[in-house]
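Residue numbers (the numbering used here): 1411 to 1538.
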């Protein structure tokens, strides 16, 4: 995967995860105490990280995007297994599956991007 393509793909996936959470906030979660606010924060962070990935070749921003995706998935699993702030989510459903797939793909793309960026840096530092 080229670093440019990886950065664009990761940016789109992270922004899509944020957009899904924004839609879900408007659809239902604005009524859920605490978790609703977290959906809105998740949406904002996903959209900001997605936008920040496009112009920058920063490994830190790429790692933050991966952390965002993994943390979002972990929060979802916790909310389905044990509940989160008094709200328990269902594991299966069309929006759960869509968000989970996008977040999983974003985590994978971000990890590949971080690896490709590190490899490119090593190649540049080894040149005479």
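Quick reminder that beta carbons are idealized off the backbone N, C-alpha and C, glycines included.
Model, not experiment: these values are computed from the prediction.
With fewer than 16 other Cβ atoms inside 10 Å of its own Cβ, residue 1441 counts as exposed. For residue 1433, the three-state secondary structure derived from DSSP is helix.
Collapsing the DSSP output to three states places residue 1497 in a strand. Straight-line spacing of the CA atoms in residue 1491 and residue 1447 works out to 20 Å. Across the structure, residue 1450 and residue 1419 are spaced so that their CA atoms are roughly 23 Å apart.
For residue 1482, the enclosing alpha helix (DSSP H) covers residues 1469–1491.
Nearest to residue 1510 by C-alpha distance, out of 1520, 1484, 1422, is 1484.
Collapsing the DSSP output to three states places residue 1417 in a helix. One Cα belongs to residue 1513, the other to residue 1529, and the distance between them is close to 24 Å.
Around the beta carbon of residue 1468, fewer than 16 other beta carbons lie within 10 angstroms, which makes this residue exposed. With respect to the 9 Å criterion, residue 1477 and residue 1523 are not classified as neighbours on the basis of their beta carbons.
Counting only residues of its own chain and dropping the five nearest sequence neighbours on each side, residue 1460 has a CB closer than 6 Å to the CB of 1421, 1424, 1425.
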